[in-house]
Structure formats: structure tokens, C-alpha cells
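J.: Start counting the first sequence at 1201; every next residue gets the next number (the working numbering). Below is the structure I would like to discuss, written out as C-alpha cells.
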Amino acid sequence: MRMSQYFLPTLKENPAEAQIVSHRLMLRAGLVRQTSAGIYAWLPLGFRVLKNIERIVREEQDAAGAQEVLMPTIQSADLWRESGRYDAYGPEMLRIKDRHDRDMLFGPTNEEMITVIFRDGVKSYRDLPKNLYHIQWKFRDEVRPRFGVMRGREFLMKDNYSFDIDRAGAIRSYNNMFVAYLRTFARMGLKAIPMRADTGPIGGDLSHEFIILAETGESAVFCHKGLIDKDILGRTIDYSGDLQPIVNEWTSLYAATDEMHDKDAFEKIPEGERLAARGIEVGHIFNFGTRYSKPMNAVVAGPGGEQITIEMGSYGIGVSRLVGGIIEASHDAAGIVWPESVAPFRVAIVNLKPDDGAVMGACVKLYDALQAKAVTVLHDDRDLRPGAKFADMDLIGTPWQIIVGPKGLAAGKVELKNRKTGTREELPIDQLAQRFG
RNA sequence: CGGGGCGUAGCGCAGUCUGGUAGCGCGUCUGCCUUGGGCGCAGAAGGUCGUCGGUUCGAAUCCGGCCGCCCCGACCA
1201 MRMSQYFLPT LKENPAEAQI VSHRLMLRAG LVRQTSAGIY AWLPLGFRVL
1251 KNIERIVREE QDAAGAQEVL MPTIQSADLW RESGRYDAYG PEMLRIKDRH
1301 DRDMLFGPTN EEMITVIFRD GVKSYRDLPK NLYHIQWKFR DEVRPRFGVM
1351 RGREFLMKDN YSFDIDRAGA IRSYNNMFVA YLRTFARMGL KAIPMRADTG
1401 PIGGDLSHEF IILAETGESA VFCHKGLIDK DILGRTIDYS GDLQPIVNEW
1451 TSLYAATDEM HDKDAFEKIP EGERLAARGI EVGHIFNFGT RYSKPMNAVV
1501 AGPGGEQITI EMGSYGIGVS RLVGGIIEAS HDAAGIVWPE SVAPFRVAIV
1551 NLKPDDGAVM GACVKLYDAL QAKAVTVLHD DRDLRPGAKF ADMDLIGTPW
1601 QIIVGPKGLA AGKVELKNRK TGTREELPID QLAQRFG
């Protein structure tokens, strides 16, 4: 993409409404614009990041055996009357009426809908287990939206639902998602820690929140320091096997959110190993047994012909929230520092002198070579002073910057800068493309 | 939902107390100049001062209603 053609409205100054760093940077770097309280439009650069996050989530869900569906945003109130949650949910639910005066709502979550879809389509224990997910916009009419996309009213969430014949199966499904979540967040460059959590209004008896540590986090969290650097990506995962040992490895160390905090247990950890911090919830998994299947009569025939109520779980990842969460976890004074896996562009070419034919020619050649290797690249061909370009590029945080100017080019060299470490190296221009791909 | 604050140019703000020609910085546009970390000079465009009503010869400014946004708390992916 040529930056001179790109819709990328960056801001030099911090907008007054933005308090926390991720919100400020998302506005300044031209990722989003607010359209009303807690509701955001995604601009080209931000949308690319959102799509990258979505892609990682999707790949890991698919790898763990979940199947993608897409359910609507607008739901009928009748669904929620069946589970008893229509009255219980409260003013967070955006209730609307259609032209025939029917009660509808903008879905805050999809347990009821998926239960009905599943119940109507599956009648035998032979069809279990199943795990269905979708990535869809949700609306929760928060009393006080804040922190940009981290606590918006409209947000993109991956939610999925598992269906099993018995508790043992349900726990296998739970463990699959537990491990899939560890991998998902790790791939985004995040250190997400699963913590024992309250099940809240969704109900159930087994639940973990996946928390990333950040000073601006909304909740106080407590855990064993050993959890921070545990690695999941270096292992081969067999989702058809028994994942309980891996889950145990993580859950054997203390980690709990404020509501579930057990002070005595925490203080048994040697003092140097304790970590009391603040965190941002980026995922939440629940096993809730028959909380929905029972009232909604989701049953299958068992081997002996008996009716068995399905065991369920639900699992959520705040996709749009993650954009803010990743920035909270990865930024510096100059701007965003994107992990490569989610960066809107992996490489930026900083063309220091676009009106110099040789410099422009070298940039275009580099651009084409990188594109040919399927490397996403943004070419700053704007007619601006170098300082402004460097500042913009650091602000939007592309992981690699290739700086091409007349001085270096005269010696056949360009500079490669790493956004995260700040290290720069001079490289012969014809060797550059092979560094990527 | 309790408490607090704010709404003036694209962004950040002053002006409001004490009513009298709509201001500053950044950004934008034009020209010159400059070009390895947000250059310099000159010129220009851009605002029914959130909105509706009231007071007044006259309202961004005083009074009232409404709308919007932000912050703290309680609540939440």
C-alpha cells in the first residue's frame, strides 16, 4: 500500500476524551474513530489489525476442532424467555421492537440461540461431542463505557459453545479450549494467565478468565510469578488426546481474580514468587453443565434410548478488546509496537526523498519484491520531511522499517530498523528482500 | 445509577467571572525555501460558540430546559 493513497488520519495531539494509552494511540494512529459512547468505527489500519487477530483466533479454534458458524446480531426475545434470562439480564440488554411490535434484542451473547439451533438439529448421543463458534458483533448497553474499545458497548467477540453427553466429555471440551486459548494469546505476543474466576450470571461451576497484566487493568489479580513465562507454543498439542496434564500444569500454580482470591492460599506462596497486579480480561471459559440445556430441553437419545440432557460450556474471546489490550501490553513513548503476528503491515518502507527518481525507483523495486513474497508492506511515499515520516511510522508501529535515502543508496545500502528493539542495520539493498518471507 | 467535569475551526485550548467586531497553537491549502527524527518564511481557507427557549438595544458570555461526551465509584467479554 502506498501511504500517499491510504486513508490514515493520524493525530499529533492526544484527543481530550482518551485517558488510557491504548485509547489515545488508537485514535492518534488512525485505527478507530468513536461514533457514540462506546461505539467505534474501524478505519483501514485498525481493521487490518482486527482481521489479523480474528484470523489467529479462527486458526486456533479450527485446530482445536471447533466449527465456525455465524449467528445473527438481532435475536427474538422469545428465545430469552425460554431460558428465563429475558427478565434477568437487566438494562445491559438493548431491547428493541420491530414494526409488528415484537420484542427483539441486539444479542449480548448467544447461549440461548445456539442451544435452540443445536437442540433442533441433534437428537442422538452419536452426534456428540460438538463445538461451534462464531465471531460476531455483540452489544451490551454498559452504564459507563470507557477505555476505548476495551470497554465498548458494541464489541466483536468470538464465542463458542460445546455440547457433550456427560461431564467427562464436557471437561475434555473445556480443556481443549483452555489449551487453545493459551496458544491463541501466545501467538499474539501476549502473556495471558488463566485464573480461577467467578461464573457470574452465566452460571456453572468451572471457569477461568484469561488475563493479561497491565497497569490500566480493570481488576486486581493475584498469581504465582512462574505463570508469566510458561511456554505453550513450543509444544505439540493433540486435541484428540488427554490435555488434562497441560491444564494441570497451569492450574497447579495459584492464580485468581479478585472475586475468587484466597488470601491464605496466596500467602503460602514464597513472597518473592507472589504477584499482585492489575489485569485485563481477554478471554473467559465456562463449563455450565445443563444450565441452558435443561430449561430449554436440549436432549439427545442415549445408547439405551433414554433422554440425556446435554452438557454445555461456553468460551469467549474479546476480539476487538484485544486490539486495545495488545497496545496496552506493547507500546512505548513514540507509539504502538505491534507484535508481527497482528501488525497491520509487517514492513514499512520509509522513502526519504520521493521526488528523487533513484530513491523512488529503489523503493518501488523493494516494495514489489516484498509483495511478491506475500509480505504486507506500507510504502511511505508522501512528500513530507523525514522527521514527520519517522514519527508517523513509530506511532503506527510497524515491526520493521526499511529506510531508503539518497545517501545510503549511493553506496547501494538501505537501513533496516526494528521498531521494538530500535536496532538498525545497514544492508545492501539487493539482500533486503531475502530477510523476509 | 450516585458524584464530578466539559461542549468555541479537523485536533489541543483561551475568551464566559465583569454582555459590546470570534482568538491562539498544531493541522489543512498556496508559494518560496528546506530535506536522515514532527524545518523556516510569506499568504490563505476554515466557526449559525452543542441545541432550544428566556432576559437585554445587544448573548460564546447571564438564566432555564434538552442533547452529547468524559472522569471517579458501584457493575461488566
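Built from N, CA and C at the ideal position, the CB exists for glycine as well. These numbers come from a predicted model, not from an experiment.
Short of 6 angstroms in beta carbon distance, which residues of its chain neighbour alanine 1534, apart from the five on each side in sequence? Order them along the chain.
T.: Locating residue 1534 in the first sequence gives position 334, where the first residue counts as 1. Here the set comprises Asp1594.
J.: In angstroms, rounded to a whole number, what distance separates the CA positions of isoleucine 1510 and isoleucine 1365?
T.: Translated into positions along the first sequence, residue 1510 becomes position 310. Translated into positions along the first sequence, residue 1365 becomes position 165. Cα to Cα, the separation comes out at about 6 angstroms.
J.: Mind checking which residues open and close the alpha helix (DSSP H) that includes threonine 1451?
T.: Looking up residue 1451 in the first sequence gives position 251. Start and end: 1444 to 1451.
J.: Buried or exposed: where does serine 1530 fall if 16 or more other Cβ atoms within 10 Å of its Cβ makes it buried?
T.: Residue mapping note: residue 1530 aligns to position 330 of the first sequence, counting from 1. With 16 or more Cβ atoms within 10 Å of its Cβ, serine 1530 is classed as buried.
J.: Tell me the residue span of the beta strand (DSSP E) that contains methionine 1357.
T.: Within the first sequence, residue 1357 is the residue found at index 157, counting from 1. Its beta strand (DSSP E) spans residues 1354 to 1364.
J.: Tell me which residues share the same chain as glycine 1246 and place their Cβ nearer than 6 angstroms to its Cβ, disregarding the 5 neighbours each side in the sequence.
T.: Against the first sequence, residue 1246 aligns to sequence position 46. Closer than 6 angstroms at the Cβ level, and outside the excluded window around glycine 1246, lie Leu1231 and Val1232.
J.: Within its chain, find whatever has a CB closer than 6 angstroms to the CB of glutamate 1626; leave out the 5 residues flanking it on each side and keep chain order.
T.: Working through the first sequence from its first residue, we reach residue 1626 at position 426. Answer for glutamate 1626: Lys1613 and Glu1615, listed in chain order.
J.: Helix or strand or just coil, what does DSSP make of isoleucine 1274?
T.: As a first step, residue 1274 is located in the first sequence; it is residue number 74 there, counting from the start. It is a strand residue.
J.: Which residues mark the beginning and the end of the beta strand (DSSP E) in which isoleucine 1253 is found?
T.: Start at 1 with the first residue of the first sequence, and residue 1253 comes out as number 53. Per DSSP, isoleucine 1253 belongs to no beta strand (DSSP E); it is in the alpha helix (DSSP H), 1244 to 1263.
J.: Any chance the segment 1436 to 1450 sits against the segment 1545 to 1556, with 3 or more Cβ pairs inside 8 angstroms?
T.: Counting Cβ pairs under 8 angstroms, fewer than three are found: no touch.
J.: So valine 1542 packs on isoleucine 1526, CB below 8 angstroms; how close in whole Å?
T.: One-based indexing of the first sequence puts residue 1542 at position 342. One-based indexing of the first sequence puts residue 1526 at position 326. Contact flag correct, Cβ pair sits at about 6 angstroms.
J.: Does DSSP put arginine 1372 in a helix, a strand or coil?
T.: Along the first sequence, one-based indexing puts residue 1372 at 172. Correct three-state label for arginine 1372: helix.
J.: Which one or two residues does DSSP pair with phenylalanine 1639 in a beta bridge?
T.: With the chain covering 1201 to 1637 only, the question about residue 1639 has no answer from this structure.
J.: Please determine if the segment 1348 to 1365 and the segment 1421 to 1429 are in contact, where contact requires at least 3 C-beta pairs separated by less than 8 angstroms.
T.: No: the two stretches stay apart, fewer than three of their Cβ pairs being nearer than 8 angstroms.
J.: For a test of the three-state rule: what should DSSP assign to glutamine 1234, helix, strand or coil?
T.: Counting from one through the first sequence, the residue named residue 1234 turns up at place 34. Strand at glutamine 1234.
J.: Apply the 10 Å Cβ neighbour rule to glutamate 1481 and answer buried if 16 or more other Cβ atoms are within range, or exposed otherwise.
T.: Counting from one through the first sequence, the residue named residue 1481 turns up at place 281. Buried: at least 16 other Cβ atoms inside 10 Å.
J.: Buried or exposed for isoleucine 1274, please, with buried defined as at least 16 other CB atoms from any protein chain shown within 10 angstroms of its CB.
T.: Position 74 of the first sequence, counting from 1, holds the residue named residue 1274. Per the 10 Å Cβ criterion, exposed.
J.: To the nearest angstrom, how far is it from the Cα of proline 1470 to the Cα of tyrosine 1454?
T.: Along the first sequence, one-based indexing puts residue 1470 at 270. Along the first sequence, one-based indexing puts residue 1454 at 254. For proline 1470 and tyrosine 1454, the distance between alpha carbons rounds to 12 angstroms.
J.: Report yes if the CB atom of proline 1495 is closer than 9 angstroms to the CB atom of serine 1276, and no otherwise.
T.: Along the first sequence, read from residue 1 onward, the residue named residue 1495 stands at position 295. Along the first sequence, read from residue 1 onward, the residue named residue 1276 stands at position 76. No, they are not a contact pair.
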